[in-house]
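Asker:
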RNA sequence: CGGGGCGUAGCUCAGCUUGGUAGAGCGCUUGCUUCGGGAGCAAGAGGCCGGAGGUUCAAAUCCUCUCGCCCCGACCA
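In our numbering, the protein residues as written are 369 to 822.
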């Protein structure tokens with residue numbers, strides 16, 4: 369750790385390899401889970417309230433959060449799904465720093481264009497720097513220093529890194545923080561056609577990524593904003609509490625986004641628009657097929673051609689021996705925002721309801737009677753066996769009353785609750801409850817283990 | 001960046017109008033009793049009332065400045 373702390377290279381996260389492994393199971397009595405019974409006054413929307421109440425995050429400043437163990441755990445799960453789908457789509461992971469030199473941004477002309485959203489700082493030598501709000505210049509610099517030939521294309525480099533945008537008004541907890549974790553990928557291609565193909569690969573990767581998290585993401589044509597360019601889609605996930613109204617063709621509900629043969633051209637033809645771009649009079653979708661809802665933007669992809677490569681001299685020699693600027697695109701996913709968005713889409717009046725793929729623990733084991741020898745014996749034994757079976761489990765072994773334990777488990781939203789109580793302990797059974805459906809079944813310890821060991 | 005609101009115990013808040021030695025509930029500690037959906041009783045710990053100036057015999061309370069946070073709008077992964 370000292371090595372990591374000494375630089376700004378990678379302020380978070382385990383190496384990729386470890387993230388595949390199961391997490392260390394935890395006894396709640398030894399964990400750090402500062403849950404709150406009451407709703408902190410600062411939180412307005414439900415995901416923010418629940419993240420604070422479940423002890424996932426803690427605000428340090430406006431729009432800047434500490435990630436506590438439970439939240440950090442989820443953040444890493446989300447990050448890992450994003451990473452795996454980027455890798456699968458052929459993107460290659462790198463890591464660029466959070467701090468960038470102003471000189472790079474002067475080359476693209478964005479140092480002046482970006483405005484107050486960009487946090488500007490100076491080092492001891494009065495050198496102008498900035499905390500990166502995005503990394504087009506940085507990655508283009510990497511490219512131009514190392515790539516000379518079209519034979520090295522296509523190339524897609526991505527990283528998952530903290531960014532800072534000095535929002536005038538941060539809000540909604542981690543959904544719109546100033547500091548946020550983002551995956552951004554950058555594609556480099558010889559010509560527009562190849563660039564468009566790279567764009568489509570990311571388009572599909574995004575749909576799969578969100579699908580794996582149990583989210584329905586609707587791709588919508590979008591404005592390009594300060595990134596620039598002429599082809600842009602944003603991905604909105606549906607949640608009752610979404611920021612903006614969205615309208616889309618019912619066909620999106622019928623598509624299996626996890627399929628391997630998604631037809632991007634077809635998908636792009638389907639109608640979907642946020643309210644500001646939706647004109648009911650001009651909408652091509654007949655009313656009976658038009659769906660509406662509220663959306664949270666969790667991803668945004670751009671194809672902007674030679675905007676940066678031309679300005680910064682990122683060129684390659686083509687097969688004809690001519691030097692041309694590369695065609696580029698950039699592809700963002702708001703990783704930390706997704707944690708909030710996931711809760712917006714998955715909660716009830718009692719708390720969070722995690723999809724299994726991103727749950728901080730798969731199983732919450734509750735010993736109802738910590739003072740009862742029989743119960744404790746059964747629960748300790750089950751905990752050890754779940755651990756041996758590499759099931760991610762949080763074991764509530766605290767000396768609390770039943771109600772408090774159930775309330776805590778419901779709040780933090782682990783998909784499965786396993787309850788050991790005096791009644792079942794005598795009969796050799798435990799209770800298994802689905803957090804999502806509430807369905808309860810009674811079964812033997814062996815049957816339970818068989819259910820989760822896989 | 002315009003408009004509004006709020007800073008008092010770890011959390012939610014009362015007290016401020018009308019200045020007079022700082023409160024409640026939850027949480028925390030200890031003991032006893034409880035024990036299948038956020039237990040009861042008892043005894044405790046815990047606050048420079050965001051900060052700095054000022055007015056006053058006296059300021060959480062009145063005045064000025066400042067810092068922070070939240071909400072609405074405009075803007076955004």
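Cβ coordinates follow ideal geometry from the N, Cα and C atoms, glycine included.
Decide if residue 617 is buried, meaning its Cβ has at least 16 other Cβ atoms within 10 Å, or exposed.
Answerer: buried
Asker: Check the DSSP bridge columns for residue 525 and list the partner residues they point to.
Answerer: 460, 554
Asker: What is the DSSP secondary structure of residue 654, reduced to helix, strand or coil?
Answerer: coil
Asker: Could you give the distance in angstroms between the alpha-carbon of residue 483 and the alpha-carbon of residue 470?
Answerer: 13 angstroms
Asker: What residue range does the alpha helix (DSSP H) around residue 677 cover?
Answerer: 675-680
Asker: Of the choices 712, 508, 543, 610, whose alpha-carbon is the least far from that of residue 339?
Answerer: In the structure as shown, the chain begins at 369 and stops at 822. Residue 339 is therefore absent and cannot be evaluated.
Asker: DSSP three-state call for residue 559: helix, strand or coil?
Answerer: coil
Asker: Rank 446, 673, 736, 746 by C-alpha distance to the C-alpha of residue 764 and give the top, closest one.
Answerer: Nearest option by C-alpha distance: 736.
Asker: For the alpha helix (DSSP H) containing residue 605, list its first residue and its last residue.
Answerer: Element bounds for residue 605: not the alpha helix (DSSP H) but the beta strand (DSSP E), 599-606.
Asker: Going straight from the alpha carbon of residue 414 to that of residue 561, what length do you get?
Answerer: The alpha-carbon of residue 414 is positioned some 44 angstroms away from that of residue 561.
Asker: Tell me the rounded alpha-carbon separation between residue 492 and residue 587.
Answerer: 45 angstroms
Asker: For residue 544, which three-state DSSP category applies?
Answerer: Residue state, collapsed to three classes: strand.
Asker: From the DSSP secondary-structure annotation, give me the bridge partner or partners of residue 708.
Answerer: None, per the DSSP bridge assignment.
Asker: Go to residue 585, then tell me how far its beta strand (DSSP E) extends in each direction, as first and last residue.
Answerer: 585-589
Asker: What did DSSP end up calling residue 454 once you bin it into helix, strand or coil?
Answerer: helix
Asker: Could you please give me the residues that DSSP links to residue 617 through a beta bridge?
Answerer: Residue pairing by DSSP places residue 617 opposite 658 in a beta bridge.
Asker: If I measure Cβ to Cβ from residue 801 and keep anything under 6 angstroms in the same chain, skipping five residues before and after, which residues do I get?
Answerer: 785, 808
Asker: Please report the residue range of the beta strand (DSSP E) in which residue 785 lies.
Answerer: 784-788
Asker: Taking buried to mean at least 16 other C-beta atoms within 10 Å of its own C-beta, is residue 745 buried or exposed?
Answerer: exposed
Asker: Helix, strand or coil: which one does DSSP assign to residue 488?
Answerer: strand
Asker: Which two residues bound the contiguous alpha helix (DSSP H) that contains residue 756?
Answerer: 741-756
Asker: Go to residue 506, then tell me how far its beta strand (DSSP E) extends in each direction, as first and last residue.
Answerer: No beta strand (DSSP E) holds residue 506; the alpha helix (DSSP H) holding it covers 504-514.
Asker: For residue 642, write down the residues that DSSP places opposite it in a beta bridge.
Answerer: Per DSSP, 614.
Asker: Using the Cα positions of residue 734 and residue 646, report the straight-line distance between them to the nearest angstrom.
Answerer: Annotation: residue 734 to residue 646 spans about 49 angstroms, alpha carbon to alpha carbon.
Asker: For the candidate residues 463, 628, 513, 614, whose alpha-carbon lies nearest to that of residue 457?
Answerer: 628
Asker: Using the C-alpha atoms, what's the distance from residue 723 back to residue 714?
Answerer: 8 angstroms
Asker: Under three-state DSSP, which class holds residue 807?
Answerer: coil
Asker: Buried or exposed, going by whether 16 or more other CB atoms sit within 10 Å of the CB of residue 634?
Answerer: exposed
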